[in-house]
Amino acid sequence: MHFVYKTQNVCSTSIEMDINDGVVTNVHFTGGCNGNLKCIPLLIDGMKADDIAKKISGVTCGNNTTSCGDQLAHAVLAAKQAELSANT
């Protein structure tokens, strides 16, 4: 299932991904810090949404209370929930 998440309070504007049985692949950030946001998808490709969220939830950027990584944690959990809803 393809999922798009609109980020809040970070430089990136959205995160797109595919999720299948809770496993996240093909993550793409729109906007944000180019190098970092190219690396993150490579590191998490094929991981379970829950494992991703556990590792990066709560990470902040500068004085912000969130970061692109933290927004990714929110995104993968939202994608997981959407997938579960679609399959019921």
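Using the working numbering, you'd call the opening residue of the sequence shown number 429 and step up by one each time.
Cβ atoms here follow ideal geometry from the backbone N, Cα and C, with glycine treated the same way.
Practice prompt. Would you decide whether C496 is buried or exposed? Buried here means 16 or more other CB atoms lie within 10 Å of its CB.
Written response: Buried, by the Cβ-count rule.
Worksheet item: For G497, does the three-state DSSP call read helix, strand or coil?
Response: Helix, per DSSP.
Worksheet entry | Selected residue, minimal CA-CA separation from V412, among N491, F457 and G463 | The structure shown does not extend to residue 412, since the chain is modelled only from 429 to 516, so the question has no answer here.
Fill in: Cβ shell of V455 (< 8 Å), same chain only, five flanking positions each side left out
Closer than 8 Å at Cβ, skipping near neighbours: I443, E444, M445, I468, P469, I472, D473 and L500.
Discussion item. Relative to the C-alpha of T435, which candidate in K466, D498 and D479 has its C-alpha closest?
Written reply: The option with the nearest alpha carbon to T435 is D498.
Worksheet item: Buried or exposed: S440, going by 16 or more other Cβ atoms within 10 Å of its Cβ?
Response: Buried: at least 16 other Cβ atoms inside 10 Å.
Practice prompt. Would you grab the beta carbon distance between T494 and V438 for me? Rounded to a whole angstrom, and I think it's under 8 Å.
Written response: The distance from the Cβ of T494 to that of V438 is about 6 Å, consistent with a contact at the 8 Å cut-off.
Practice prompt. In angstroms with no decimal places, state the Cα-to-Cα distance between A514 and N462.
Written response: Going by C-alpha positions, A514 is about 32 Å away from N462.
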